[in-house]
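Chains as they are written, first to last, in my numbering: chain A, 1170 to 1711; chain R, 920 to 1333.
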C-alpha cells in the first residue's frame, strides 16, 4: 500500500510542476573569457577537436561551488571563485593556475587527505597535479609527486579512485593516441582523413594507439606507475577518452570503465589484489547491441530505473546511437537504448553528459551537450552541424526517457560546439546548474529560471578511514517509498568533474526515511529521518 | 537472406559508376562513412559497413571524373610487359622485346618479325609482335595473333598478356560487347591477378556507362531513368536527390515494385530527423500495399517502430518478416534479440543459433547469442561465442578483411 501511495504521489507531483526552463547566465555571472581550442572554420589536426573539460569544485571549502574551465592552446585554464551572489570572479592568477598548452581533462580529489580538494589536469603533453594549499593557492606538484611522463602523451579522461582501499586516492589516466604535429598526416592524406568525401583532419584511425595509465598513491605525496603491474596496460588497441570509476559489480571495490573513439570500450574489473581484469565484452558494455564498436565520448552513471543498480550512459558520435546500458546485476549489462527511448537522436556528436534530477522528482533525467569535430561539416548543408544544441531528457519513471530539449528553455536551443560538461548546485538551493565548455567561446552556465518543485537533499561526505573526498562511497536514500542510490565519483562526463556532493530529488517527500552510506573503507553509516531541502554533511567518523 | 532482401541489400553495396552526373561513383570510404554503418536509422545490419567499391585515391578520382579509360594504351602495355621475364628467347627476340619495353614500337615490330623468320613459332616473338602492333595503334592486325596466344599459349604469362591486350583492343574499338566476355574469361583464369581484375572492373564500368547513356538517350521519359538516377545518387550519398528521383519514378509508374522501398530507405539515410521515420514508414507501407509479402519492407518498419520505442509492434513486424522468409537473417536476429530482452532465452537461443548457422560470419548474431547464453547462465557457451566474435573482429593475418581492418590500426610504438 505504501508503494502504491508513493507512486500516486510521484504522479501527482509530476503533473503539477512547471517544466524546466534553463537559461544561460554565464555572461552575467562573469564567465566572459573565451577558451581557444583549435580552428573555428577548419581543424588541421585531431588535437584541435577533443578539448576540453570543466569542473565544479569548492576549492576554498566555503560551501559554494567554484568553476574551473580548461583551455586549448593559446589560452589559460581559469578558476572562477563563487562570490555567492550569482557572480564569479576570475582568480586564476592569484591561485597560481595560469597555464598554457593543450589541456584536455580534469578530475578532482583530495589526494593528500588534507581536507582541501586537489586538481589533476590532463594534457597533450605533461599532465599537472595541483595540490590545493589551504584553499589559498594551488601548487604544481607534478614532479614532486612523480607524475612526470617520459614522453609526450595524449592524456584525456582521468579519475581519482582508491582501488586498493588504503585510504589514499590513486589516479587513472586515459590516453587517446599517439600524436605529434610533425608526423601526423595532413587532411586528405589517406582514407582516414576524410569525412563525407571532405578532406578533414586525420584520425583517430590510422594513428597509433596508446595505452592507459594507473598511478598508485604511496601515501607520502608521491605516486608510482602501476599500469603494467595492475594489468591496465594490457588493454591495447583503444583510443580512450572518458573514464567512469565506480563499483559496477557491487563488490565494494571501484572498477574502471573507459570508452574509446572507434574502438571497443574497456571495463577493468577490480580483482581486489591490485590487479584488474578487462571484461567489457562479456559484461555487455564494449559494443552496441549489434556487437559493433562505437565512438564513445562521454560517460554518466545513475540508477535510472530505480532497481538499486547503477546503470551507464555513454555518449557517441553522429550516425551512432548514444547508449544506455542497464545493469542487470553482478556487473552485467544490457543495451536498452531503444527500449528507453534514446535511439532517435543520431545526428549529434555527443560529448559531455550527466544524469541529473532537474525537477527534484526523484528520477534522474539526462543532459548531453553536442558539437561536431569537423567545422567543415557546415559546408555540406546537411543536418549535422559543428555547433549544435544540447539535449535534455526527462526520466518518466517507467524505464524510459522523453526528449524535452525543445521545451527546456532557451539554453537548450543555443548552438555551441561543446565538449566538457559538469553539473552542480552553485547556489545551494537544491536545483542543479549545468556548466559546459564551448570550443572557442565562453563557457555556458545554465540555470533554471525557477527552482525545481520537488524536495531535495545535497549530501557532502567526508571520509576519515576512507579517502577524505569519500570518492567511491555508495549512498542510498530512502524517501517517499523508494530508495535511490548514487556514488561519489571523481572525473566522468566528458573529461570533466561534477560536484562531489551527491544530489537527490525527493519529489513530494519532505523527509528521507534513511540515508545509508557504504564507505570505501567498508564502514557503514545510517542516518534516520532526515528533513529534506538541506545540505547534509556526513562524516565517516560519526 | 531472402532473394528480395538480397536484391535490396545490393543497393548500398554495389559499385555503380557515374553516368549521369559525371561524378566519381565511389567516393573513398572515410572513417565517418564507416560510421554510417551504425546508423540508428533502419539500415539492415548486413548492409552496413560493406565496402561499396575499390577505394580510388583522391588523385585518381580527380583525374578520372568520367570513369572512362585514362592513360595511353602503349603505356599500359609497357607496364604489363615489363613484369614478364624472358624465357628461352633468342637474341633477336630479346632485342625486340627490349625495344618494345623502351617504347620503340616500330623497331620492335621489325626486330620481332626478323626473329619470327628464324622461328615462326617463337611464342615470345609472336606475342610481343602483337603487343607492339597494339601499342602502335594496329589492333585489327594484332587481334588474330592475340586471340591465338590467349586461347592456346602454353605459357600462362604470355596468355595473360595477350588477354589483357585483347580486352584493351576491344574497349579501344568501342566493342564493349566483345570486351565483357573477354574480361570475364580473363578474371576467371587469373582470379588473383590485379591487372586482370583491374581491366575487368574497367570493362564493366564502361559497359555500365554505355548502357546508361543508351537508356537516357532512347527512353528518357521512362521511370527507369529516374530509378537509375536515384540509385546513382545513393552511391554518391546524395540521398535527398535520390529521394526526389524515386518520387518522380513513382509518379510515372505508381505500381512498380521496389520504388517505395528504395524511397523509404533514401529518406532514412537523408535525414536524422525523427519525423523522417514516420515519412519513411509510409513508403514501406506503400511498398507492402503493392507486395504484401515483402519481408524486407516488414523488417524496415520493424526497425522504425523499434527506434520509436514501440517494441511490441516492432516485434510483430520482425516476426512477420521472418514468417515470410524463414532464412531472413536480419529478421531472425531482430526477433532473437527482442526475445533476449524479454528474458525468453528458450525462444531466443534457437533463433540466434539459426542465424549463426545461416551466416557464420554474422558478428551481431554471435554477439547476441553470447549475451543470450550469458543471461541464461550458460557461460561456457557464452565464452565460445565471445571467441567466435573475437575471431571475426580480428581475422587471421593475410585475410582481406584483416588487411582492411589493420589499415586503420597501428599498434603502440614501443
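All residues carry an ideal CB built from backbone N, CA and C; glycine is no exception.
What in chain R is Cβ-close to residue i, meaning under 8 Å?
i: residue 1552 of chain A; result: 1190, 1191, 1192
i: residue 1456 of chain A; result: 1286
Taking Cβ positions, are residue i and residue j nearer each other than 9 Å?
i: residue 1654 of chain A; j: residue 1689 of chain A; result: no
i: residue 1702 of chain A; j: residue 1233 of chain A; result: no
i: residue 1437 of chain A; j: residue 1406 of chain A; result: no
i: residue 1277 of chain A; j: residue 1289 of chain A; result: yes
i: residue 1258 of chain R; j: residue 1451 of chain A; result: no
i: residue 1090 of chain R; j: residue 1062 of chain R; result: no
i: residue 1512 of chain A; j: residue 1662 of chain A; result: no
i: residue 1429 of chain A; j: residue 1464 of chain A; result: yes
i: residue 1660 of chain A; j: residue 1284 of chain A; result: no
i: residue 1162 of chain R; j: residue 1194 of chain R; result: no
i: residue 1142 of chain R; j: residue 1178 of chain R; result: yes
i: residue 1532 of chain A; j: residue 1496 of chain A; result: no
i: residue 1230 of chain R; j: residue 1260 of chain R; result: yes
i: residue 1617 of chain A; j: residue 1207 of chain A; result: no
i: residue 1422 of chain A; j: residue 1304 of chain A; result: no
i: residue 1649 of chain A; j: residue 1528 of chain A; result: no
For residue i and chain A, any beta-carbon pair shorter than 9 Å?
i: residue 1227 of chain R; result: yes
i: residue 1238 of chain R; result: no
i: residue 1014 of chain R; result: no
i: residue 1178 of chain R; result: no
i: residue 1182 of chain R; result: no
i: residue 995 of chain R; result: Its pLDDT being 48, under 50, residue 995 of chain R is placed unreliably by the model, and the measurement read from it follows with that caveat. Output row for residue 995 of chain R: interface = no.
i: residue 1196 of chain R; result: yes
i: residue 946 of chain R; result: Here the model assigns residue 946 of chain R a pLDDT of 27, short of 50, so the residue's position is not dependable, and the following value carries that caveat. Closer than 9 Å to some Cβ of chain A, the Cβ of residue 946 of chain R qualifies, so yes.
Name the chain A residues whose beta carbon is nearer than 8 Å to that of residue i?
i: residue 1260 of chain R; result: 1503, 1505, 1508
i: residue 1230 of chain R; result: 1507, 1508
i: residue 1308 of chain R; result: 1450, 1460
With which residues is residue i paired in a DSSP beta bridge?
i: residue 1231 of chain A; result: Residue 1231 of chain A is not bridged to any residue.
i: residue 1090 of chain R; result: Its beta-bridge partners do not exist; DSSP assigns none.
i: residue 1220 of chain R; result: Paired residue(s): none; residue 1220 of chain R is not in a bridge.
i: residue 1534 of chain A; result: A:1525
i: residue 1572 of chain A; result: A:1562
i: residue 1432 of chain A; result: A:1429
i: residue 1647 of chain A; result: A:1652, A:1683
i: residue 1624 of chain A; result: A:1676
i: residue 903 of chain R; result: Nothing about residue 903 of chain R can be read from this structure; chain R reaches only from 920 to 1333.
i: residue 1610 of chain A; result: A:1204
i: residue 1699 of chain A; result: A:1681
Cβ of residue i less than 9 Å from any chain R Cβ?
i: residue 1704 of chain A; result: no
i: residue 1513 of chain A; result: yes
i: residue 1453 of chain A; result: yes
i: residue 1309 of chain A; result: no
i: residue 1497 of chain A; result: yes
i: residue 1470 of chain A; result: no
i: residue 1176 of chain A; result: Any reading at residue 1176 of chain A needs caution, since the residue's pLDDT is 45, under 50, leaving its predicted position unreliable; the model's value is listed next. Not one chain R Cβ lies under 9 Å of residue 1176 of chain A.
i: residue 1394 of chain A; result: no
i: residue 1488 of chain A; result: yes
i: residue 1189 of chain A; result: no
Can you pull the chain R neighbours of residue i, defined as C-beta to C-beta under 7 Å?
i: residue 1597 of chain A; result: What residue 1597 of chain A touches in chain R: nothing, since even the nearest Cβ is about 37 Å away.
Run down chain A in chain order and give the residues with a C-beta less than 7 Å from the C-beta of residue i.
i: residue 1256 of chain R; result: 1458
Check the Cβ of residue i against every Cβ in chain A and list those closer than 9 Å, keeping chain order.
i: residue 1156 of chain R; result: 1365, 1366
Discussion item. Give me the subset of the segment 1283 to 1304 of chain R whose CB atoms are less than 9 Å from a CB atom of chain A, sorted by chain position.
Written reply: 1283, 1284, 1285, 1286, 1287, 1289, 1290, 1293, 1294, 1298, 1301, 1302
Discussion item. Taking beta-carbon pairs under 9 Å, can you tell me which members of the segment 1516 to 1531 of chain A lie near chain R?
Written reply: Within the segment 1516 to 1531 of chain A, contact with chain R at the beta-carbon level (separation under 9 Å) is assigned to 1516, 1517.
Fill in: Contact residues within the segment 1561 to 1586 of chain A, judged by C-beta distance below 7 Å to chain R
1569
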